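Trainee:
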Amino acid sequence: MSQSKEIVLDAIGEVCPYPLLKVQMAMEELNPNDILRVDFDCGKATETIPEWAQQEGHEQLSLEKIGERWAIRLRKKYN
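The opening residue of the sequence shown carries number 1 in full-length UniProt numbering; numbering runs sequentially from there.
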């Protein structure tokens, strides 16, 4: 089994729905068990990204506020 990797996606300055759309596209490129960290500053995305991840079966590892932005880490589900 290959080592899982962590990818960082920068969505700073993007307004909703673009952070979520970027997450969806990035997740399609990842292998199962890979981790996607997303840095963003759109407050609405603190709701839309976790809701989408839960619906899709991805694991939310963390969501933290860092100053005026947030960082969320998601683990891609196994198919």
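Don't be surprised by glycine CBs; every beta carbon is placed ideally from N, CA and C.
The structure presented is a predicted model; accordingly, all values stated were derived computationally and were not measured.
Which whole runs of the beta strand (DSSP E) in the region 31–57 are 3 residues long or more, in chain order?
Mentor: The region 31–57 contains these whole beta strand (DSSP E) runs: 35–40.
Trainee: I'd like the span of the beta strand (DSSP E) that includes E68, first residue to last.
Mentor: Where E68 is concerned, there is no enclosing beta strand (DSSP E), given that its DSSP letter is neither H nor E.
Trainee: Within the continuous alpha helix (DSSP H) that includes E29, where are the two ends?
Mentor: It spans 18–29 - the alpha helix (DSSP H) in which E29 sits, taken as one unbroken run.
Trainee: By the 10 Å Cβ neighbour count, where 16 or more other Cβ atoms means buried, how is V23 classified, buried or exposed?
Mentor: Classification for V23: buried.
Trainee: Cβ atoms of D34 and K77: under 8 Å apart, would you say?
Mentor: Not in contact: K77 and D34 (Cβ atoms no closer than 8 Å).
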